[in-house]
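Each step along the sequence shown adds one to the number in UniProt numbering, with nothing skipped, and position 54 is 54.
Contents: one structure, followed by commentary.
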Amino acid sequence: MIEKYNVLEHIRMRPAMYIGFLNHFGFNELVSYFIEDFIRAGIYDIIFILKKDNRLIMKWTSPEKTLFNTEIIKSIDQYKQGEFYLSLAGIIALTEYSSIEINGLPVLQSEKGNFDILGSINHINEEEACSWMIDFIPDQDIFKGLILSYKVLNDLFRRFSFLNPNLKIRSIDESGDEQQINIFHYSDGLAEIIDYEVQKRLQYDFCFFTLNFQKKTEYSYSVAFAFVDSQIFKPKIKMYANYKETILGGSLLDGIIQGFKMFLKKEAAKRDIKLNISSSRLKKHLLLYGSVQGDLTFLGSTRWKLGTPKVQTEIKKFMYEELKLYFANNEDKAIHILQIVQDE
């Protein structure tokens with residue numbers, strides 16, 4: 001049996017254990033815990049407001065009988081391995097000041113990890129939808145010299161939104177003289193990002209074809225890419241696992257590339273073409289985004305490389321099947337793409 005201890009004290013004593021770097025990256029990690037918990041609870045419409053004095057406000061409406069409820073607040077200082085304990089505990093532990101309101105009633109106030117739960121919490125009716133607000137300032141004793149950046153926060157919101165088409169994040173900047181508002185909602189997910197990248201980066205008609213697909217096993221996959229016929233093109237490849245970017249690639253990227261190569265080799269064999277293509281050569285033609293979610297294994301302490309063999313096996317098969325289906329009705333394109341990779 002695990003002995004209970006004050007998780008807030010432990011987070012304050014060893015913050016890097018929970019959020020990594022004690023800078024913008026670590027603060028974004030702290031906020032990302034919240035967004036992931038929102039998704040688990042079926043909460044997809046979220047408002048973030050950056051205020052003066054380095055304050056950040058989060059607002060959302062929780063559905064009736066939600067998993068994100070007042071019981072989490074009441075046991076916030078106790079260790080619970082599961083959803084919600086780390087996000088809320090992290091905010092309370094690592095902030096100079098924080099407050100929580102539900103339906104306009106203040107229910108918690110904290111300062112540097114010390115908190116008071118107010119009696120008004122007992123008047124919250126969780127059989128109905130509730131409006132929540134959390135207002136907090138990062139603790140300068142933890143995040144030394146950190147000034148919250150609207151742009152850096154927006155990068156985080158944008159990533160979550162295109163990886164989960166259900167999310168709608170409204171980001172409001174009230175820290176300066178003029179208010180700014182950005183809304184992050186990508187109903188087509190990664191496919192929308194690829195379309196944006198193609199329009200932004202290609203001044204000429206070099207995009208040969210685009211393709212996107214989603215698959216569900218015990219893992220959830222989403223892949224979108226454009227194949228570009230250009231010698232001056234700068235490729236871009238982004239892989240994500242459980243909403244985190246796997247900078248060093250790993251299983252998902254390896255499987256996608258292997259599936260693509262398997263398709264090309266089989267198409268070449270059908271036409272008696274001898275094809276020898278390396279992964280690096282193929283990547284030179286790709287705008288590629290891929291995402292996987294599930295119970296994943298990572299390689300290394302940084303978690304920058306995915307090491308889940310089953311993911312690699314499954315996505316290789318899916319990639320091959322999707323390409324085969326696409327080119328069944330685009331035979332001329334199949335011939336041309338073989339010429340592109342063969343002529344280099």
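For every residue, glycine included, the Cβ atom is placed at its ideal position computed from N, Cα and C.
Burial state of residue i (16 or more Cβ within 10 Å)
{"i": "Met-1", "result": "Because the pLDDT at Met-1 is just 35, under 50, the model does not fix this residue reliably, and the point stays unresolved."}
{"i": "Asp-205", "result": "Low per-residue confidence applies at Asp-205: pLDDT is 48, beneath 50, and the placement is therefore not dependable enough to give any value."}
{"i": "Arg-12", "result": "buried"}
{"i": "Pro-138", "result": "buried"}
{"i": "Tyr-196", "result": "exposed"}
{"i": "Thr-308", "result": "buried"}
{"i": "Glu-218", "result": "exposed"}
{"i": "Ile-49", "result": "buried"}
{"i": "Glu-3", "result": "Bear in mind that the predicted position of Glu-3 carries a pLDDT of just 46, short of 50, making it unreliable; the figure below should be weighed with that in mind. That one is exposed."}
{"i": "Lys-316", "result": "buried"}
{"i": "Glu-127", "result": "exposed"}
{"i": "Leu-167", "result": "buried"}
{"i": "Gly-145", "result": "exposed"}
{"i": "Ala-16", "result": "exposed"}
{"i": "Asn-28", "result": "buried"}
{"i": "Lys-266", "result": "exposed"}
{"i": "Phe-184", "result": "buried"}
{"i": "residue 345", "result": "Here the chain covers residues 1 to 344 and nothing more, so residue 345 does not appear."}
{"i": "Thr-302", "result": "exposed"}
{"i": "Asp-53", "result": "exposed"}
{"i": "Asp-173", "result": "buried"}
{"i": "Lys-247", "result": "The sequence shown places Ile at residue 247, rather than the Lys named in the question. Ile-247 should be labelled exposed."}
{"i": "Leu-325", "result": "exposed"}
{"i": "Glu-314", "result": "buried"}
{"i": "Gly-26", "result": "buried"}
{"i": "Asp-188", "result": "exposed"}
{"i": "Ile-181", "result": "exposed"}
Distance, residue j Cα to residue i Cα
{"i": "Ile-117", "j": "Lys-74", "result": "7 Å"}
{"i": "Leu-306", "j": "Ala-241", "result": "7 Å"}
{"i": "Pro-106", "j": "Asp-141", "result": "26 Å"}
{"i": "Gly-255", "j": "Ala-328", "result": "22 Å"}
{"i": "Ile-257", "j": "Arg-159", "result": "23 Å"}
{"i": "Trp-132", "j": "Ile-91", "result": "15 Å"}
{"i": "Glu-331", "j": "Phe-263", "result": "13 Å"}
{"i": "Val-7", "j": "Asn-114", "result": "12 Å"}
{"i": "Ala-334", "j": "Lys-215", "result": "24 Å"}
{"i": "Gly-300", "j": "Asp-155", "result": "25 Å"}
{"i": "Ser-279", "j": "Lys-261", "result": "8 Å"}
{"i": "Glu-192", "j": "Ile-147", "result": "31 Å"}
{"i": "Phe-157", "j": "Pro-165", "result": "12 Å"}
{"i": "Leu-56", "j": "Tyr-18", "result": "20 Å"}
{"i": "Gly-249", "j": "Phe-136", "result": "35 Å"}
{"i": "Leu-253", "j": "Leu-296", "result": "14 Å"}
{"i": "Lys-310", "j": "Asn-276", "result": "26 Å"}
{"i": "Tyr-289", "j": "Tyr-320", "result": "16 Å"}
{"i": "Phe-68", "j": "Ile-337", "result": "50 Å"}
Under 9 Å between C-beta atoms of residue i and residue j
{"i": "Ser-175", "j": "Ile-169", "result": "no"}
{"i": "Phe-213", "j": "Asn-23", "result": "no"}
{"i": "Ser-87", "j": "Cys-130", "result": "no"}
{"i": "Leu-30", "j": "Leu-94", "result": "yes"}
{"i": "Phe-208", "j": "Ala-224", "result": "no"}
{"i": "Lys-283", "j": "Ile-340", "result": "no"}
{"i": "residue 347", "j": "Ser-98", "result": "Residue 347 lies beyond the stretch modelled for the chain, which goes from 1 to 344, so this question has no answer here."}
{"i": "Phe-287", "j": "Val-152", "result": "The question names Phe, but residue 287 is Leu in the sequence shown. The answer is no: Cβ separation not under 9 Å."}
{"i": "Gly-259", "j": "Leu-211", "result": "no"}
{"i": "Ile-121", "j": "Thr-66", "result": "no"}
{"i": "Ile-35", "j": "Tyr-186", "result": "no"}
{"i": "Ser-220", "j": "Gln-312", "result": "no"}
{"i": "His-285", "j": "Ser-251", "result": "no"}
{"i": "Ala-269", "j": "Gln-342", "result": "no"}
{"i": "Leu-163", "j": "Ser-222", "result": "yes"}
{"i": "Ile-46", "j": "Met-58", "result": "yes"}
{"i": "residue 346", "j": "Lys-112", "result": "The first residue shown for the chain is 1 and the last is 344, placing residue 346 beyond what the model contains."}
{"i": "Ile-124", "j": "Asn-103", "result": "yes"}
Below-9 Å beta-carbon distance, residue i vs any chain D residue
{"i": "Gln-140", "result": "Although the question refers to chain D, the structure presented lacks it and comprises just one protein chain."}
According to DSSP, residues forming a beta bridge with residue i
{"i": "Phe-162", "result": "For Phe-162, which the question treats as bridged, DSSP gives no partner whatsoever."}
{"i": "Asp-173", "result": "Leu-50, Gln-180"}
| task | Pick out the complete beta strand (DSSP E) segments inside the stretch 100-160, 3 residues or longer, and give them in chain order. | result | 105-111, 114-117, 130-138
| field | Start-end ranges of the alpha helix (DSSP H) lying completely within the stretch 19-101, minimum 4 residues | value | Correct list: 24-40, 70-74, 85-93.
| task | Identify every run of the beta strand (DSSP E) within the UniProt domain "DNA topoisomerase type IIA subunit B" (189-342), keeping only runs that are complete inside it and at least 3 residues long; order them along the chain. | result | 207-216, 220-228, 236-241, 286-293
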